[in-house]
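What follows is a set of notes on a single structure, which appears directly below.
2 protein chains.
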Amino acid sequence: MTEAQQPELTKKNGNGLVIALDAMGGDNAPESVLKAADAFIKKNSDVRFLIFGDKQKIAPILEKLKSLPRKSEVWHTDEAIADDEKPSSALRRGRNSSMFLAIKSIKDGQAHAAVSGGNTGALMALSKYSLQTLPGIDRPAIGGLMPTRDGYSVMLDLGANIHCDAENLFEFTIMGTAFAKSVLGKEHPSVGLLNVGSEKNKGHDVLRGTVALIEESGLNINYHGYIEGNDLLTGMVDVIVTDGFTGNVALKTVEGTAKFFSHKLKDGMKKSPLGLLGMGIAAPALLKVKKKTDPRMYNGAMFLGLNGIVVKSHGGSDHIGFKSAIEVSYKLAKNKINDHIVTEMISYGQVPMDDVIDIEDSISLD
Amino acid sequence: MTEAQQPELTKKNGNGLVIALDAMGGDNAPESVLKAADAFIKKNSDVRFLIFGDKQKIAPILEKLKSLPRKSEVWHTDEAIADDEKPSSALRRGRNSSMFLAIKSIKDGQAHAAVSGGNTGALMALSKYSLQTLPGIDRPAIGGLMPTRDGYSVMLDLGANIHCDAENLFEFTIMGTAFAKSVLGKEHPSVGLLNVGSEKNKGHDVLRGTVALIEESGLNINYHGYIEGNDLLTGMVDVIVTDGFTGNVALKTVEGTAKFFSHKLKDGMKKSPLGLLGMGIAAPALLKVKKKTDPRMYNGAMFLGLNGIVVKSHGGSDHIGFKSAIEVSYKLAKNKINDHIVTEMISYGQVPMDDVIDIEDSISLD
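Protein chains in written order, with the numbering used here: chain F, 9 to 374; chain P, 9 to 374.
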């Protein structure tokens, strides 16, 4: 990389936001990334993008797009993190990758958020290394939106932490509550712990320990109780807290079941004599349900608890999915999610007052 | 209970099977239990039932039924296990309950299987106490059927064991394989371990330990590898092995998502101008999918690994659901599931030869 290839990066964008994009992460990159950014910018003129990746691959796509060229800068690098690259290897040899440079631009004060469709483990490792966690937060979690009848709930952790102790789940409770307040607009979000039954004696010690921490914290948490797998999409609670193993399995089970249901329905209609007519009439409704349960439409897993906003797009997603991930990063930045988390941690007394000035300095980007 | 109230129990039923029913377990008992048995017997004339419960409540329902009276005996007890009764309390004071007597009739050689809609924890505790585990099996598991596009897979554990080590999951692998062979009729059933990714380094030590045990066992297990939540309903594997916490959450997530999907679809159709017509045409297809994903239709969680066949019906199920649970117990008994499990354990070398004669004696009921 020569000096000439580096545009002068700046997060100055009036009152608008700057979002860094890893243009090389994901199966359909860089095309899906650039098309997504172009579509997003048409409706959100207050955003500018920093695009990290291979200029030779980016330029031909970029010049065909209408809005993005005027609203973006490209930072060239020909290195990228492989889809199957282990986090340890990414940390060792990925410091010039498009993924890392996108993350680093947050730390350097050039961007407010970063989005990547690259591999999750590497993205989390590089993000943790570069941004570190928010004061008082031991482990970041991956959060995602679960569709409900009237809106969305947030669930975390979706896979960053295979093993969790009660302290971890308690921190997830705080982060999820801050998210539901600031991004989902819930005034006093309710929290449920995912378990195998709703009775108090159900489950394991970590869950019981988490309940104790919530109850003894003195924080104004709207704790609902244990919830079960069949409660996930009912909107029973606004925040679903679980360990990364269970959360990952549950999320993917929702996706798989929605797919199964939709296939079965189509198969059944095809066999019916009036099936074609029925399909025609049912199509809009089916489309609506599919849209609501389409993983692309709520694509964008949030890394919560980092000292910076990082969003992971599904590796297999197209430009529609990637656009949804950009939207998530935009909402997180706009609503200053990290300010809310830190405020909660301060009232919990987890953050020493000495740190507070540093924090406020580092998380207020504009 | 006086001597006069006890009919002479016998499992003699020609070549047929005897199934013991806890008539008092579940929200709709005893009506749902008796109606289910009556419906079942109409199509399966080789079955006789032993009905355990309150004669005063049972008699008025029984006399209205056509087939059941000639094919059943009622054993009176006015004690029952409460829905919220803890396993420890059930063990202490439940020895004269309808649930325990149904289980005990297997041990006493009077029945080939037992079905109850009562509380799961108590049913497992009483079953373990009375029947004990099969030789070589450390912990029984709850198995259930997962619908797939062309049939069913079996998943275990669905909630009996919150914590599992590699030995437990390995035993579940053997039990699940025996079930898929003998009941689902799969010649060489494939096995998948539920995880957060398919790559070998994913997940936790217990899963890696299970893979090692499978590979080193010398048994002819058709091990497929790790599978994820979105693979559960694809039929990718015949046997899905997981710990009881994850399995319980995944099962209930499938149920909840199917419900969500079906509600959303109906809501959407109602709003469409041709919705009513579309509903009419789509109805048969929707019904078929609902049937396939209806928990009632594959109701009947099997307690695998016990020295006797016990099936748990969902507490909230009606007679259709309970009939499905009876059907499961019938298939397990008919296909001598426990003989298959023990055969596998013998070839694995887990069962000392001294025990084998005892085992074969105890598991061959007829």
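Even glycine gets a Cβ: it sits at the ideal position worked out from N, Cα and C.
None of the values given here were measured: they were computed from a predicted structure.
- With contacts defined by Cβ atoms closer than 8 angstroms, I111(F) and V336(F) do not form a contacting pair.
- Annotation: D213(F) to C172(F) spans about 11 angstroms, alpha carbon to alpha carbon.
- Taking a Cβ-Cβ cut-off of 8 angstroms, the neighbours of I170(P) in chain F comprise V204, G211 and H212, given in sequence order.
- Taking C-beta separations shorter than 6 angstroms and ignoring five residues to either side along the sequence, the partners of L215(F) in its chain run L201 and N203, following chain order.
- Taking a 10 Å sphere around the C-beta of R56(P), we find 16 or more other C-beta atoms and assign the residue as buried.
- When DSSP assignments are scanned along the stretch 145-194 of chain P, the uninterrupted stretches of beta strand (DSSP E) that are 3 or more residues long and fall wholly within it turn out to be 149-155 and 160-164.
- Within chain F, the C-beta atoms nearer than 8 angstroms to that of N238(P) come from K260, T261, E263, G264 and K267, in chain order.
- According to DSSP, K320(F) shares a beta bridge with S124(F) and A309(F).
- At least one beta carbon of chain F lies nearer than 8 angstroms to the beta carbon of F253(P).
- At a cut-off of 8 angstroms between beta carbons, N127(P) makes no contact with chain F.
- In this structure, the straight-line span from the alpha carbon of L164(P) to that of R101(P) is close to 30 angstroms.
- Here the alpha carbons of H348(F) and S124(F) stand approximately 24 angstroms from one another.
- Taking 8 angstroms as the cut-off, the Cβ atoms of K50(P) and S75(P) count as close.
- Cβ-Cβ separation between S190(F) and K344(F): approximately 7 angstroms, consistent with a contact (criterion under 8 angstroms).
- Taking a C-beta distance under 8 angstroms as the contact criterion, S80(P) and I59(P) qualify as a contact pair.
- Straight-line measurement puts the Cα of G24(F) at about 25 angstroms from the Cα of T141(F).
- Within chain F, no C-beta atom comes less than 8 angstroms from the C-beta of T181(P); the nearest is roughly 18 angstroms away.
- Beta-bridge analysis with DSSP links G233(P) to G200(P).
- Under the three-state reduction of DSSP, I66(P) is assigned to helix.
- Residues of the stretch 220-250 of chain P with a C-beta less than 9 angstroms from any C-beta of chain F: E236, G237, N238, D239, L240, L241, T242 and T250, listed in chain order.
- With 16 or more neighbouring CB atoms inside 10 Å of its own CB, S332(F) falls in the buried class.
- Take the alpha-carbon of Y338(P) and the one of V162(F): they are about 43 angstroms apart.
- The C-beta of V336(P) comes no closer than 8 angstroms to any C-beta of chain F.
- Closest by C-alpha distance to K208(F), out of S325(F), A220(F) and G308(F), is A220(F).
- When the five nearest sequence neighbours on each side are left out, the beta carbons in the same chain lying within less than 7 angstroms of the beta carbon of G233(P) are those of G200 and S206, in order along the chain.
- Bounds of the beta strand (DSSP E) holding H84(F) are S80 to H84.
- Using a CB distance below 9 angstroms, the part of the stretch 147-161 of chain P facing chain F consists of P155, T156 and R157, ordered along the chain.
- A residue is called buried when at least 16 other Cβ atoms come within 10 angstroms of its Cβ; A188(P) meets this threshold and is buried.
- Inclusion of R147(F) and N127(F) in the CB contact set at 8 angstroms is not warranted, their separation being larger than that value.
- A straight line joining the alpha-carbon of D62(F) with that of A28(F) spans about 14 angstroms.
- Taking the C-beta atoms as reference points, G264(P) is found nearer than 8 angstroms to D239(F).
- Using a CB distance cut-off of 8 angstroms, V257(P) counts as an interface residue toward chain F.
- Residue pairing of F57(P) in beta bridges, as defined by DSSP: I27(P) and S80(P).
- Annotation: the continuous alpha helix (DSSP H) that includes I222(P) extends over D213 to E224.
- Per DSSP, the unbroken beta strand (DSSP E) holding V249(F) starts and ends at V247 to V249.
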